[in-house]
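S.K.: This is the structure I have questions about; it appears just below.
Protein chains: 4
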Amino acid sequence: MKKETTKEKMLDAAIRLFHTQGYAGTSVRDIAQKANVNVALISYHFGGKKGLYEQLIIQFFEDYLHILESELQKESESLKDLLLQVIRALLEYQSKQYLVARMVHREMTLDSVLVRELMSTYLRKEKHEFEQLIKRGMTGGEFQRQPVDYVIIHLRTMITMPYLSPHYLRELYQLSSNEPYFIDRYMEHLTRWVHTWLCGEVKSQPYQSSLSAQLI
Amino acid sequence: MKKETTKEKMLDAAIRLFHTQGYAGTSVRDIAQKANVNVALISYHFGGKKGLYEQLIIQFFEDYLHILESELQKESESLKDLLLQVIRALLEYQSKQYLVARMVHREMTLDSVLVRELMSTYLRKEKHEFEQLIKRGMTGGEFQRQPVDYVIIHLRTMITMPYLSPHYLRELYQLSSNEPYFIDRYMEHLTRWVHTWLCGEVKSQPYQSSLSAQLI
Amino acid sequence: MKKETTKEKMLDAAIRLFHTQGYAGTSVRDIAQKANVNVALISYHFGGKKGLYEQLIIQFFEDYLHILESELQKESESLKDLLLQVIRALLEYQSKQYLVARMVHREMTLDSVLVRELMSTYLRKEKHEFEQLIKRGMTGGEFQRQPVDYVIIHLRTMITMPYLSPHYLRELYQLSSNEPYFIDRYMEHLTRWVHTWLCGEVKSQPYQSSLSAQLI
Amino acid sequence: MKKETTKEKMLDAAIRLFHTQGYAGTSVRDIAQKANVNVALISYHFGGKKGLYEQLIIQFFEDYLHILESELQKESESLKDLLLQVIRALLEYQSKQYLVARMVHREMTLDSVLVRELMSTYLRKEKHEFEQLIKRGMTGGEFQRQPVDYVIIHLRTMITMPYLSPHYLRELYQLSSNEPYFIDRYMEHLTRWVHTWLCGEVKSQPYQSSLSAQLI
DNA sequence: TATGAATGAGAGTTCATTCAT
DNA sequence: AATGAATGAACTCTCATTCAT
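Here it is, written out as structure tokens:
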């Protein structure tokens with residue numbers, strides 16, 4: 001087993017606590033205690049609580065965007081398949097580190113200088129990439145013509161929802177947004193959404209799914 | 001001009017600050033200063049910061065549920081129209097006091113004792129009401145058969161989205177979730193969603209809208 | 001006996017500690033402990049350690065300048081007597097609160113924003129008042145003509161010396177700058193200085209003083 | 001170009017910072033950063049912050065006293081000239097390393113164990129040397145009889161003044177105590193002081209100086 | 001109701017020093 | 001001789017609440 005460095009221990013502890021209690025609700029002493037390291041090391045290694053926090057968020061967005069862009073460069077039979085592939089990749093990435101994902105998405109609901117900066121760098125790019133894809137599909141006739149903005153908003157809402165409302169899903173539907181099982185099920189739903197909504201395909205027969213039959 | 005009572009001044013100030021900085025990020029001194037009242041009065045009137053906070057949240061949910069339930073008792077031509085009427089009412093209610101709405105929805109993304117209590121009282125009821133409506137529609141053939149849970153999750157996600165991601169909408173799409181204009185536009189989108197997704201109506205012709213034509 | 005208010009207790013304790021250990025060498029806990037009050041009250045009443053410090057210094061200079069100006073407006077037989085009267089008044093004022101005086105004069109040897117501000121407000125005025133007096137004496141023939149600046153520097157140096165070098169005086173000469181006895185003795189010296197140096201009076205006979213005879 | 005050793009770099013940085021912010025107001029990290037060396041080296045080379053500090057002060061006094069004593073052993077026409085020669089030598093020494101001089105003289109205004117030790121070793125010797133000189137002059141009739149102690153205090157005050165109040169001189173009189181020009185001008189003043197005060201010479205004519213005429 | 005003072009706990013950060021390398 | 005990490009104590013200040021008036 002690989003030994004965790006002090007920095008890693010601190011990052012891990014911080015993620016857990018920020019996720020549960022939020023940034024302002026978490027003290028550096030909490031973090032240090034959970035990580036079993038000296039309190040002063042947070043300032044030493046990250047330049048303070050805020051620095052640690054921002055490092056986590058920025059790292060998340062860097063990786064998130066990298067996945068989005070590299071997925072979009074892959075080849076695919078159709079734009080529809082490409083889109084579904086991208087969606088799945090983003091869900092899986094978030095699922096893999098769902099604590100950070102939840103922390104980040106909640107942070108983005110606040111109105112702060114940091115949030116505005118993150119918006120104008122990462123989310124602007126994300127929006128641009130989605131736009132390109134959707135517009136190409138519309139031009140090529142694969143996607144139905146409709147307001148692009150609302151499509152993207154709708155799409156993004158559904159991609160982030162499991163990490164913005166994990167407790168709602170868990171408490172009321174016994175769904176764990178961080179388990180692979182959930183992604184498979186959720187992808188079914190999203191696939192249907194892409195087919196009917198975006199491509200305008202007529203469903204010739206009633207809904208059928210071995211997996212989710214019991215939920216009807 | 002009506003004079004604001006001390007309690008009202010405090011509530012107003014608290015809403016603004018909780019909305020901007022979150023609960024833990026707001027101090028009672030901030031609130032008292034913004035409300036221009038003595039700090040000790042927060043403990044006196046609300047039994048402390050937490051009491052003030054909970055009062056705001058509970059009041060929101062009480063009203064929210066009341067609207068949901070009273071709308072559901074109204075008569076309507078079809079369940080589809082009833083559903084759309086409910087959606088609009090909930091959007092309008094949240095829009096009317098969007099600061100509280102944003103505060104509440106963000107709070108629900110945390111994991112605390114309070115959240116779990118709110119879930120099991122208010123959101124459980126909300127889920128139940130939606131379930132009744134959807135299931136009735138499916139039984140009667142008005143709605144397509146599909147997993148009810150995912151429909152509700154999808155529905156609720158779209159109803160709360162404008163108040164969970166207001167800054168995203170504003171920064172990247174110049175959309176203000178608290179303006180009546182937005183609700184009209186957003187309802188168009190949701191109406192289409194209900195028609196195609198829930199009712200399975202085939203769109204015989206390309207998307208047409210005088211309002212949003214320029215967005216295509 | 002009059003009861004000391006909390007603010008007064010804090011000011012007293014702060015003076016003693018700042019005097020002994022300097023500003024940076026004194027902690028707010030030291031002050032609070034010595035004053036027997038809660039630490040938080042320093043921030044509450046003075047807006048922090050720095051605020052308390054500055055209040056002490058500014059108060060000193062305000063009073064110092066007030067004494068200087070009011071003494072200068074008194075009537076006197078000669079400018080020489082007026083000057084000596086002013087010197088004595090300033091020495092007595094400093095002696096009365098010698099702890100603050102020492103603290104302030106030491107602070108003025110540092111180079112900080114605060115010091116520059118104090119210089120350009122209080123010490124500039126002090127310089128101006130001295131200048132007026134000296135120049136009047138020179139014009140009237142009472143004082144010998146010589147570089148005014150150096151006279152003032154010399155004068156001020158001697159007025160502040162007992163409070164800048166109290167430990168030197170105490171350790172090596174057993175002189176206590178805060179005792180009335182010292183002022184009388186020191187005034188003898190300064191009187192001679194004013195007579196011979198400023199007025200150019202010839203000393204017709206060897207030095208005679210009942211008080212200081214033993215020191216020859 | 002000569003390369004500065006690590007120890008020298010640290011000493012230089014320390015002098016600058018102690019001079020500006022005082023001992024307690026300067027952190028070892030400040031020093032290490034300014035010197036561009038590792039923090040731990042301060043403890044390694046000097047046994048800690050205090051060690052570094054004391055080394056600077058003791059070095060200053062050692063040199064100071066050495067100059068005083070060696071100047072006093074030189075031959076001179078008169079004691080008056082010898083005294084003036086000593087004064088100039090001490091001013092020049094302090095001027096050469098005015099940062100340390102200022103730091104040391106300010107430190108001596110505090111009340112600490114270190115200060116008392118320095119007093120009883122170096123300043124006691126300084127006092128003794130001055131005493132010898134003055135008393136010899138009085139016995140020989142060259143100096144006027146008067147209280148020796150006050151003469152020495154007065155003398156020492158004027159020798160240290162430029163390094164105790166450099167900012168006062170700079171801000172209000174545009175005088176730089178560390179420039180050779182200043183010493184020349186200041187020596188004029190001190191020479192006059194020695195002549196009139198100590199030797200009791202009658203000034204037969206008004207003050208005349210090509211250098212300072214404009215200051216009258 | 002309303003106020004300003006007071007409280008004790010805890011916040012984040014910096015401190016001088018020590019340690020293993 | 002030099003380094004970067006680590007330590008535990010101390011720093012100033014703010015926290016939510018309580019108290020007497």
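Protein chains in written order, with UniProt numbering: chain E, 1 to 216; chain F, 1 to 216; chain U, 1 to 216; chain D, 1 to 216.
Each residue gets a CB set at the ideal place from its N, CA and C atoms; glycine is no exception.
Please read these numbers as outputs of a predicted model, since none were measured by experiment.
(1) Cα separation between LEU180 of chain E and ALA13 of chain E?
(2) Using only alpha-carbon positions, find the residue among U:ALA40, U:SER43, U:LYS49 that is nearest to THR26 of chain U.
(3) Is there a Cβ from chain U that is less than 8 Å from the Cβ of ASP12 of chain D?
(4) Taking the alpha carbon of ASP111 of chain D as the reference point, which residue from U:THR121, U:PHE143, U:LEU169 has its own alpha carbon closest?
(5) Can you tell me whether DSSP reads PRO180 of chain D as helix, strand or coil?
(6) Could you please tell me which residues of the stretch 95-112 of chain E, in chain order, have their CB closer than 9 Å to any CB of chain F?
(7) As a quick exercise: from F:ALA35, F:CYS199, F:GLU107, pick the residue whose alpha carbon is nearest that of VAL151 of chain F.
(8) When the Cα atoms are used, what is the spatial distance from GLU107 of chain F to MET138 of chain F?
(9) Could you name the residues of the UniProt domain "HTH tetR-type" (4-64) of chain U whose beta carbon sits closer than 9 Å to any beta carbon of chain D, in the order they occur along the chain?
(10) Would you mind listing the beta strand (DSSP E) stretches within the stretch 144-191 of chain D that are 3+ residues and don't spill past its ends, in chain order?
(11) Counting only the same chain and skipping the five closest in sequence on each side, list residues whose C-beta sits under 8 Å from that of VAL115 of chain F.
(12) Using C-beta distances below 7 Å, list every residue in its chain close to LEU99 of chain E, excluding the 5 sequence neighbours before and after it, in chain order.
(13) Would you give the residue range spanned by the alpha helix (DSSP H) that VAL28 of chain E belongs to?
(14) Report the start-end ranges of each alpha helix (DSSP H) in the stretch 45-81 of chain U that is 4 residues or longer and not cut off at the edges.
(15) Answer with buried or exposed for GLN146 of chain F, where buried requires no fewer than 16 other C-beta atoms within 10 angstroms of its C-beta.
(16) Check GLY137 of chain F in the structure and name its three-state DSSP category.
(17) Is the Cβ of LEU172 of chain F closer than 8 Å to any Cβ of chain E?
(18) Is there contact here, the stretch 183-192 of chain F with the stretch 123-139 of chain E, by at least three beta-carbon pairs under 8 Å?
(19) With H, G and I counted as helix, E and B as strand and the rest as coil, what does DSSP make of GLU201 of chain E?
(20) Out of D:LYS125, D:ASP149, D:MET161, D:TYR186, which one is the CA nearest neighbour of ASP63 of chain D?
(21) Would you mind telling me which residues of chain F sit closer than 7 Å to THR196 of chain E, beta carbon to beta carbon, in chain order?
(22) DSSP state of MET103 of chain U, grouped into three classes?
(23) Give every residue of the same chain whose Cβ lies closer than 6 Å to the Cβ of ALA35 of chain U, excluding the five residues on either side of it in the sequence, and list them in chain order.
(24) Excluding the 5 residues flanking ASN38 of chain U on each side, which residues of the same chain have their C-beta closer than 8 Å to its C-beta?
(25) Between the C-alpha atoms of GLN174 of chain D and ASP184 of chain D, what's the straight-line distance to the nearest angstrom?
(26) In the DSSP assignment, find the unbroken alpha helix (DSSP H) run with LEU123 of chain U in it and report its ends.
(27) Using a Cβ cut-off of 9 Å, pull out every chain E residue sitting near ARG116 of chain F, in sequence order please.
(28) Quick one: is HIS128 of chain D buried, meaning 16 or more other Cβ sit within 10 Å of its Cβ, or exposed?
(29) Taking ASP12 of chain D as part of the alpha helix (DSSP H), name the residues at either end of that continuous run.
(30) Name, going along the chain, the residues of the stretch 118-130 of chain U whose beta-carbon falls closer than 8 Å to a beta-carbon of chain D.
(31) GLU92 of chain F by DSSP, collapsed to three states: which one?
(32) Please look up how many angstroms separate the CB atoms of SER43 of chain U and SER177 of chain U, rounded, as I've assumed it's under 8 Å.
(33) Tell me, please, whether the CB atom of LEU164 of chain D is closer than 8 Å to any CB atom in chain U?
(34) Specify, as a first and last residue, the run of the alpha helix (DSSP H) that GLU117 of chain U falls within.
(35) Compute the distance between the beta-carbons of LEU118 of chain F and PHE61 of chain F, then report whether it is under 8 Å.
(36) Tell me, please, whether the CB atom of ILE153 of chain F is closer than 8 Å to any CB atom in chain E?
M.R.: Reading off the structure:
(1) Within the first sequence, the letter at position 180 stands for residue 180 of chain E. Within the first sequence, the letter at position 13 stands for residue 13 of chain E. Inspection of the sequence shows that residue 180 of chain E is occupied by Pro rather than by Leu. Approximately 24 Å, taken between the alpha carbons.
(2) Here residue 26 of chain U refers to the residue found at position 26 of the third sequence. Closest option to THR26 of chain U, Cα to Cα, is U:LYS49.
(3) Taking the fourth sequence and counting its residues from 1, the one referred to as residue 12 of chain D is at position 12. By this cut-off, ASP12 of chain D is not an interface position.
(4) The sequence position of residue 111 of chain D within the fourth sequence is 111, counting from 1. Checking every option, the nearest Cα to that of ASP111 of chain D belongs to U:LEU169.
(5) As a working mapping, residue 180 of chain D is identified with position 180 in the fourth sequence. Secondary structure at PRO180 of chain D: helix, using DSSP grouped into helix, strand and coil.
(6) Against chain F - using a Cβ distance shorter than 9 Å - the residues of the stretch 95-112 of chain E are ARG102, HIS105, ARG106, MET108, THR109, LEU110, ASP111, SER112.
(7) Here residue 151 of chain F refers to the residue found at position 151 when the second sequence is read from its first residue. With distances taken between Cα atoms, VAL151 of chain F lies closest to F:CYS199.
(8) Along the second sequence, read from residue 1 onward, the residue named residue 107 of chain F stands at position 107. Along the second sequence, read from residue 1 onward, the residue named residue 138 of chain F stands at position 138. Each residue's Cα considered, the two are about 33 Å apart.
(9) From the UniProt domain "HTH tetR-type" (4-64) of chain U, only HIS19, THR20, GLN21, GLY22, TYR23, ALA24, GLY25, THR26 have a Cβ closer than 9 Å to chain D.
(10) none
(11) For the purposes of this step, residue 115 of chain F is taken as the residue at position 115 of the second sequence. Contacts found: GLU107, MET108.
(12) As a working mapping, residue 99 of chain E is identified with position 99 in the first sequence. Counting only Cβ-Cβ distances below 7 Å, and skipping sequence neighbours, we find ILE15, ARG16, HIS19.
(13) Position 28 of the first sequence, counting from 1, holds the residue named residue 28 of chain E. First-last of the alpha helix (DSSP H) with VAL28 of chain E: 28-35.
(14) 49-72
(15) Here residue 146 of chain F is taken as the residue at index 146 of the second sequence, counted from 1. GLN146 of chain F should be labelled buried.
(16) Taking the first residue of the second sequence as 1, we reach residue 137 of chain F at position 137. Correct three-state label for GLY137 of chain F: helix.
(17) For the purposes of this step, residue 172 of chain F is taken as the residue at position 172 of the second sequence. Interface residue, yes.
(18) no
(19) For the purposes of this step, residue 201 of chain E is identified with residue 201 of the first sequence, where counting begins at 1. Correct three-state label for GLU201 of chain E: coil.
(20) Numbered from 1 along the fourth sequence, position 63 holds the residue referred to as residue 63 of chain D. ASP63 of chain D has its Cα closest to that of D:LYS125, out of D:LYS125, D:ASP149, D:MET161, D:TYR186.
(21) Indexing the first sequence from 1 puts residue 196 of chain E at position 196. Within chain F, the residues THR196, TRP197 have their CB atoms less than 7 Å from the CB of THR196 of chain E, given in chain order.
(22) If you number the third sequence from 1, residue 103 of chain U lands on position 103. Helix at MET103 of chain U.
(23) As a working mapping, residue 35 of chain U is identified with position 35 in the third sequence. Correct list, in chain order: LYS9, MET10, ALA13.
(24) Residue 38 of chain U sits at position 38 when you count from the first residue of the third sequence. Cβ neighbours of ASN38 of chain U beyond the five flanking positions: ALA32.
(25) Looking up residue 174 of chain D in the fourth sequence gives position 174. Looking up residue 184 of chain D in the fourth sequence gives position 184. Those two C-alpha atoms are separated by around 15 Å.
(26) Position 123 of the third sequence, counting from 1, holds the residue named residue 123 of chain U. No alpha helix (DSSP H) contains LEU123 of chain U, which DSSP labels as neither H nor E.
(27) Along the second sequence, one-based indexing puts residue 116 of chain F at 116. Chain E residues near ARG116 of chain F: HIS167, GLU171.
(28) For the purposes of this step, residue 128 of chain D is taken as the residue at position 128 of the fourth sequence. Exposed, since its Cβ has fewer than 16 Cβ neighbours within 10 Å.
(29) One-based indexing of the fourth sequence puts residue 12 of chain D at position 12. First-last of the alpha helix (DSSP H) with ASP12 of chain D: 6-21.
(30) MET119, SER120, LEU123, ARG124, LYS127
(31) Working through the second sequence from its first residue, we reach residue 92 of chain F at position 92. Residue state, collapsed to three classes: helix.
(32) The residue you call residue 43 of chain U lines up with position 43 of the third sequence. The residue you call residue 177 of chain U lines up with position 177 of the third sequence. In fact, because the Cβ distance is near 33 Å, the residues do not count as touching under 8 Å.
(33) To locate residue 164 of chain D, count along the fourth sequence from 1; it is residue 164. By this cut-off, LEU164 of chain D is an interface position.
(34) For this step, residue 117 of chain U is matched to residue 117 along the third sequence. Taken as a continuous stretch (DSSP letters only), the alpha helix (DSSP H) holding GLU117 of chain U covers 113-118.
(35) Start at 1 with the first residue of the second sequence, and residue 118 of chain F comes out as number 118. Start at 1 with the first residue of the second sequence, and residue 61 of chain F comes out as number 61. Yes, they are a contact pair.
(36) Sequence index remark: in the second sequence, residue 153 of chain F carries index 153 (1-based). For ILE153 of chain F, the answer is yes, since a Cβ of chain E falls inside 8 Å of its Cβ.
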